[in-house]
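K.L.:
If you're matching positions, the sequence shown starts at 0 in numbering that gives the first Met the number 0 and goes up one per residue.
Attaching a single structure in structure tokens format; questions to follow.
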Amino acid sequence: MGKFIPDLKEANAVTAERDDDRNDYDFRRLEAKWRPIWDELEPFDTTKADDERPRKYVLDMFPYPSGDLHMGHAEQYALGDAVARFWRHQGFNVLHPIGWDSFGLPAENAAIKRGGAPKDWTYDNIAQQRESMRRYAASFDWNRVIHTSDPEYYKWNQWLFLEMYRKGLAYRKESLVNWDPVDQTVLANEQVLADGTSERSGAIVVKKKLTQWFLRITDYADRLLDDLDRLEGKWPHKVLTMQRNWIGRSHGADVDFVIEGLDAPVTVYTTRPDTLYGATFMVVAPDSDLAAQLVEGASDEIKAQFAEYLTATQKLGSIDRQNTDRPKTGIFLERYGVNPLNGERLPIWTSDYVLADYGHGAIMAVPAHDERDLAFARQFDLPVRVVIDVTQTPDAPVDAEGRKLTFAEVDPSVTGVATAGEGRLVASGPLDGLTKAEAIPAAVALLEERGTGRAAKNFRLRDWLISRQRYWGTPIPILYDEDGNEVPVPFEQLPVRLPEGEGLDLKPKGTSPLGAATEWKTTTTPDGRPAVRDTDTMDTFVDSSWYFLRFLSPNDDTQAFDPAEAKRWAPVDQYIGGIEHAILHLLYARFITKVLFDLGHLDFDEPFSELMNQGMVILDGAKMSKSKGNFVKLGDELDAFGVDAVRTTMLFASPPEEDVDWADVSVAGSGKFLARAWRVAQDVASEPGVDFASGDVAVRRAVARFLDEVPKLAGSFKLNVVVAKIMELTNVTRKAIDSGPGAADPAVREAAEAIAMVLDMFAPYVAEDMWEALGHEPSVANVVWPTAEPELLVEDSVTAIVQVNGKVRDRLEVPPTISDAELQELALASAGTQRAIEGMQVVKVIAKAPKFVNIVVKG
């Protein structure tokens with residue numbers, strides 16, 4: 000089926016008969032009526048042990064409690080709820096929980112601005128959002144709610160940390176970190192945007208050296224990358240590509256360079272060990288430990304220059320430093336390294352275009368074949384030596400006339416353009432004449448033979464930095480004794496609770512506010528010795544890395560989650576949320592799941608079997624923004640048009656993965672359609688339980704097609720097409736009531752019940768009220784849709800199109816089993832055909848039974 004973009008205004012024009020009936024429909028009355036009934040019935044409770052239905056776990060990415068729900072929430076939760084309701088109607092017991100990702104900087108910053116406490120701001124917003132969600136009628140199991148800022152939740156963050164600590168997966172070290180100068184806290188690499196700014200404050204991120212806690216996600220880099228293959232076709236291709244690029248595995252060699260004046264060699268990682276003979280200098284990152292070590296032996300003048308240069312470098316973001324168009328700067332450190340293949344002395348420079356966290360913080364520079372190295376070499380008049388002859392390949396460079404260029408014409412030292420990629424090795428001793436594919440393993444073999452290098456792989460991924468110098472987060476459960484030794488907090492003392500009350504100064508100042516909480520900070524080790532607590536808190540992505548498991552046992556104070564419940568429900572069958580979490584949250588959740596699997600707590604190692612990313616809700620082609628004046632308040636839309644109309648509009652406007660432009664939709668039109676559907680149920684005159692088989696065949700065929708098509712469409716998330724199908728059946732049913740066979744016909748009831756059952760996915764208030772009007776007990780949400788009767792799907796006749804020289808000349812009603820020969824005979828004998836071919840010669844007849852005949856004639 001091709002892409003379906005429905006027109007809501009046009010659809011409602013089709014159903015515009017009897018508009019006076021809409022006056023009986025009042026969405027406010029329906030919302031006020033059904034909410035208390037649902038609260039009492041709890042139709043989505045999944046805690047009943049005797050429920051033997053097959054299980055599905057449908058999960059929406061949980062919200063951050065910053066103000067009330069907005070239009071983006073409205074789309075996400077309408078979509079997730081439609082999916083959850085669909086699977087219930089297919090006979091599944093569906094776990095569809097909700098909670099709040101309630102730690103984090105926005106609450107702390109809001110508290111600082113308003114002079115209150117982060118906890119008060121957070122839980123006030125949760126109460127507001129909870130009320131809005133209940134009004135929105137999402138089919139959540141309200142017996143499984145979690146808040147990550149509850150001690151009952153973050154206790155298990157601390158347990159998880161200690162489990163990883165004992166396995167060597169959590170460690171503390173001094174390192175260069177990403178520093179947000181506005182929020183005064185460190186950021187993980189994943190929290191630095193492509194332009195080098197903080198994804199939290201928008202400030203330019205700088206580098207700072209601090210002692211911090213890390214999780215060894217790099218130990219899982221291969222598995223995180225390779226296991227993406229298992230998610231092909233189940234996760235959006237774009238997300239898989241983003242994760243593959245972020246992990247960034249490359250293969251090459253670790254090369255050991257002897258540095259004059261240093262006892263130990265310096266290891267350099269390169270993906271092109273075949274170009275070693277082209278190395279003419281080395282470069283180290285100014286903010287690396289190696290640079291500080293090398294400059295110790297330099298002159299006072301170089302030391303002073305280096306100190307100034309290092310300060311300037313630390314103010315730059317990583318993106319700026321790697322910009323190829325940026326002028327190259329650097330300082331010669333008055334040191335030399337030795338090329339391990341040819342023994343040549345290579346001058347060592349420091350420059351900000353090399354990053355401390357790439358490889359080992361140092362590179363061998365091959366300027367002829369690397370653009371940034373070449374720019375640096377030309378800036379400082381350093382040698383450029385060509386070792387790859389790109390003219391010796393089938394794809395050799397040519398001029399505008401197609402003439403192959405000569406070696407001299409592509410010499411980077413002359414052209415200023417580095418030649419990378421394929422070619423044959425030259426000026427490379429034993430590697431001469433080899434291709435790249437041949438030369439790389441040969442170069443590695445030479446290094447291994449001499450003991451100066453080895454094959455290696457590298458990752459763009461770095462260990463996950465989880466320390467944060469802010470208050471509103473999970474305290475790290477580590478003590479330090481008087482000698483500075485790390486002492487894990489015993490499990491029985493968890494949770495380590497955040498201190499509350501007066502006296503906490505939350506303003507960011509580069510160190511955690513918890514450091515000033517002297518009474519809280521001062522404690523003793525398990526064996527009674529004086530100790531202090533770690534005063535940093537955990538990155539809030541720790542909270543969301545495993546929250547889907549806590550929903551399985553949200554009230555269990557003895558364990559993070561019940562393994563038996565994990566076997567029953569997990570992993571998540573369908574996960575739904577925005578693509579902005581493609582790297583941060585999803586990568587961390589995959590990592591923690593694999594850790595828990597390895598620790599024996601889970602029997603699966605991927606958290607989310609299938610993933611759907613919804614688009615954005617925009618206005619006039621642009622992202623909504625209060626500052627730009629193009630902001631639509633969800634509450635205003637709900638007050639004006641009702642929950643059902645907003646939900647239906649969201650899901651009818653476009654396929655889930657595409658943006659919804661609120662300027663192009665008609666919420667009022669959705670309300671008119673829902674009123675007409677509701678009225679159909681009020682007009683049904685037959686009794687519940689009537690035998691549908693005695694109903695009008697044409698209407699019954701329409702219902703059968705509907706019941707056959709909708710599960711296929713809904714199962715593939717073509718929800719906008721499902722809404723269109725409901726509208727079509729509503730038209731058929733309305734016509735049957737008004738023009739025959741009449742409201743008492745059993746087929747009319749069958750159609751109305753089918754409309755109510757499927758409409759529950761989109762407009763639960765209307766659907767529930769229709770179901771009641773049809774004489775049934777609530778809730779329609781747990782009714783399993785009937786399957787289409789096969790005999791009603793078999794057509795008695797098919798309309799065959801007859802063309803003469805490509806123009807339609809007749810239409811024939813024929814049996815669906817008619818043969819090509821029989822169809823051809825009928826077509827030639829038809830009145831329309833006879834008129835069209837009178838006086839003409841039939842040249843050819845093409846019959847495609849049962850739907851098409853083309854007759855070719857000439858005069």
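Heads up, the beta-carbon is just placed ideally off N, CA and C, and yes, glycines get one too.
Identify, in the order they occur along the chain, each residue of the same chain with its Cβ nearer than 6 Å to the Cβ of Gln378, setting aside the five sequence neighbours on each side.
P.N.:
Answer for Gln378: Lys327, listed in chain order.
K.L.:
Put Thr804 into one of helix, strand or coil per three-state DSSP.
P.N.:
Residue identity check: residue 804 is Asn in the sequence provided, not Thr. Here Asn804 sits in coil by DSSP.
K.L.:
Between Arg243 and Pro553, which are expected to be in contact by the criterion C-beta below 8 Å, what is the C-beta distance as a whole number of angstroms?
P.N.:
That belief does not hold up - the Cβ atoms of Arg243 and Pro553 are roughly 34 Å apart, past 8 Å.
K.L.:
Taking the beta carbon of Leu822 as the centre, do at least 16 other beta carbons fall within 10 Å, making it buried, or is it exposed?
P.N.:
Leu822 comes out buried.
K.L.:
Which residues in the same chain have their Cβ closer than 8 Å to the Cβ of Asp20, if we skip the five residues on either side of it in sequence?
P.N.:
Its pLDDT being 42, under 50, Asp20 is placed unreliably in this model, and the coordinates cannot settle the point.
K.L.:
Which value, in whole angstroms, describes the spacing of the CA atoms of Phe672 and Ile216?
P.N.:
Taking the straight line joining both Cα atoms gives about 52 Å.
K.L.:
Confirm, please, whether the CB-CB distance from Lys172 to Gln313 is below 7 Å.
P.N.:
In this structure, Lys172 does not lie closer than 7 Å to Gln313 by Cβ.
K.L.:
Whole angstroms are fine: how far does the CA of Ser148 sit from the CA of Gln558?
P.N.:
Their backbone Cα atoms lie some 17 Å apart in a straight line.
K.L.:
Would you mind sorting Thr279 into buried or exposed? The rule is 16 or more other CB atoms within 10 Å of its CB.
P.N.:
So Thr279 ends up on the buried side.
K.L.:
Quick check: the stretch 90-108 against the stretch 530-550, are at least 3 beta-carbon pairs closer than 8 Å?
P.N.:
Yes, since at least three Cβ pairs between the stretch 530-550 and the stretch 90-108 fall closer than 8 Å, the two stretches touch.
K.L.:
Where does the unbroken beta strand (DSSP E) through Tyr63 begin, and where does it stop?
P.N.:
Run containing Tyr63: none; DSSP gives neither H nor E here.
K.L.:
Gln190: buried (16+ other C-beta within 10 angstroms of its C-beta) or exposed?
P.N.:
So Gln190 counts as buried.
K.L.:
Mind checking whether the beta-carbon of Leu446 lies closer than 6 Å to any heavy atom of the ligand NAD?
P.N.:
For the structure depicted, the ligand NAD is absent and the ligand set is empty, with no information on it obtainable.
K.L.:
Rounded to a whole number of angstroms, what is the C-alpha to C-alpha distance between Ala355 and Ala169?
P.N.:
If you take the alpha carbons of Ala355 and Ala169, they lie about 21 Å apart.
K.L.:
For Ser778, name the three-state secondary structure that DSSP assigns.
P.N.:
In this structure, Ser778 counts as coil in the three-state DSSP scheme.
K.L.:
Distance, Cα to Cα, Met241 vs Gly201?
P.N.:
Roughly 22 Å between the two C-alpha positions.
K.L.:
Report yes or no: do the stretch 780-798 and the stretch 696-708 share at least 3 C-beta pairs separated by less than 8 Å?
P.N.:
Cβ pair count under 8 Å is three or more, so yes.
K.L.:
With respect to the beta strand (DSSP E) encompassing Val281, which residues constitute its N-terminal and C-terminal limits?
P.N.:
Going by the sequence as given, residue 281 is Met instead of Val. Residues Phe280 to Val283.
K.L.:
I need the DSSP call for Val365, collapsed to helix, strand or coil.
P.N.:
If DSSP states are grouped into helix, strand and coil, Val365 belongs with coil.
K.L.:
Please state the DSSP three-state secondary structure of Tyr135.
P.N.:
DSSP places Tyr135 in coil when its eight states are reduced to three.
K.L.:
Please report how far the alpha carbon of Val541 lies from the alpha carbon of Leu493, in whole angstroms.
P.N.:
Near 17 Å, if we compare the C-alpha coordinates of Leu493 and Val541.
K.L.:
Specify, as a first and last residue, the run of the alpha helix (DSSP H) that Ile439 falls within.
P.N.:
Where Ile439 is concerned, the enclosing alpha helix (DSSP H) stretches over Lys435 to Arg449.
K.L.:
Tell me which residues share the same chain as Tyr152 and place their Cβ nearer than 7 Å to its Cβ, disregarding the 5 neighbours each side in the sequence.
P.N.:
Around Tyr152: Ile145, His146 and Arg549.
K.L.:
Which whole-angstrom value describes the C-beta separation of Pro411 and Ala367, a residue pair presumed to lie in contact below a C-beta threshold of 8 Å?
P.N.:
That belief holds up - the Cβ atoms of Pro411 and Ala367 are roughly 5 Å apart, short of 8 Å.
K.L.:
Three-state secondary structure (DSSP) at Leu209?
P.N.:
Strand, per DSSP.
K.L.:
Mind checking whether Arg467 and Thr536 have CB atoms under 7 Å apart?
P.N.:
Cβ distance < 7 Å, so Arg467 and Thr536 count as in contact.
K.L.:
Is the beta carbon of Asp81 sitting closer than 7 Å to the one on Ser138?
P.N.:
Before going further, note that residue 81 is Ala rather than Asp in the sequence given. Against a cut-off of 7 Å, the Cβ pair of Ser138 and Ala81 comes out as no contact.
K.L.:
Of all the beta strand (DSSP E) runs that stay within the bounds of the stretch 584-621, which reach a length of 3 or more residues?
P.N.:
With a minimum length of 3 residues, the continuous beta strand (DSSP E) runs that stay inside the stretch 584-621 are 610-612 and 616-618.
K.L.:
Closest by CA to Leu445, which one among Leu618, Ile36 and Val254?
P.N.:
For Leu445, the nearest C-alpha among the options comes from Val254.
K.L.:
Given a cut-off of 7 Å, decide if Glu107 and Pro117 are closer than it, judged by their beta-carbon atoms.
P.N.:
Yes; because the gap between Cβ atoms is below 7 Å, this pair is in contact.
K.L.:
For Arg320 versus Asp351, is the C-beta distance shorter than 7 Å?
P.N.:
Taking 7 Å as the Cβ cut-off, Arg320 and Asp351 qualify as a contacting pair.
K.L.:
Just checking my contact of Asp273 with Ala438 at CB under 8 Å: how many whole Å lie between their CB atoms?
P.N.:
Right, their Cβ atoms sit about 4 Å apart.
K.L.:
Output yes or no for whether 7 Å exceeds the beta carbon distance between Pro525 and Val495.
P.N.:
No; because the gap between Cβ atoms is not below 7 Å, this pair is not in contact.
K.L.:
Terminal residues of the continuous alpha helix (DSSP H) containing His69?
P.N.:
Run containing His69: none; DSSP gives neither H nor E here.
K.L.:
Which of the three DSSP states, helix, strand or coil, is assigned to Ile258?
P.N.:
It is a strand residue.
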